[in-house]
Amino acid sequence: MATEEEHGMHVRVTQLIVSFLPETETSKAVIHDLYHSYLLPVHDYVSNEFLMTGVAVAHSFCTRLLLRCPANPDKFSGLVIMEPSHLWGHAWLEVDSQAPESSV
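In C-alpha cells form, the structure reads like this:
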C-alpha cells in the first residue's frame with residue numbers, strides 16, 4: 001500500500017530559498033493576462049514576482065510566485081487567494097511549478 005508521501009499528500013521541502021525578482025526596463029514578469037492586470041494601478045495594487053527554489057522528493061525545483069497586493073501594506077486585509085495557472089492542466093495558477101531549476 002502506498003504511503004501518504006508517495007501519494008503526494010506530504011512532501012518535505014529542503015534547501016528552500018525565496019528570491020524577489022525586481023522589475024526593470026529590460027526584465028518584466030511574464031503574465032498570462034486573463035485578469036486585466038493593467039487595472040492594478042487604477043486600484044492602487046502592485047504585482048511582485050518571486051522565485052522559490054528547493055529540493056522535494058530528491059528533485060530540485062524552481063517555482064515562480066506572482067503576488068498582487070495593495071501598494072500600501074497597511075491596506076492589506078490579510079486574506080490571500082491562490083490562483084492556479086498551469087496552462088497545460090485544468091486550472092489557472094500564477095505559480096509556475098513545472099519550471100526546471102534555474103540560477104537565481
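Residue numbers (the UniProt record's numbering): 1 to 104. By construction, the Cβ of each residue, glycine as well, lies at the ideal position given by its N, Cα and C atoms.
To the nearest angstrom, how far is it from the Cα of CYS62 to the Cα of LYS75?
Here the alpha carbons of LYS75 and CYS62 stand approximately 30 Å from one another.
Taking C-beta to C-beta, are PRO70 and TYR38 nearer than 8 Å?
For PRO70 and TYR38, no; Cβs fall outside 8 Å.
Using a Cβ-Cβ cut-off of 8 Å (strictly less than) and excluding sequence neighbours within five positions of VAL104, which residues of its own chain qualify?
With a pLDDT of 46 at VAL104, under the threshold of 50, the modelled position of that residue is not reliable, and the figure given next carries that caveat. Answer for VAL104: ILE17, SER19, LEU51, THR53 and CYS62, listed in chain order.
Here's the rule: buried if 16 or more other CB atoms are within 10 angstroms of the residue's CB, otherwise exposed. What is SER27?
exposed
For VAL13, tell me which candidate among HIS43, VAL55 and LEU21 has the shortest Cα-Cα distance.
VAL55
Near GLU49, which residues of its chain fall below 6 Å by C-beta distance, leaving aside the five closest residues on each side in sequence?
LEU21, ALA29 and LEU66
Do you know whose CA, among GLU23, ARG68 and LEU79, lies nearest PRO41's CA?
ARG68
Based on DSSP bridge pairs, tell me the residues matched to MET52.
VAL18 and THR63
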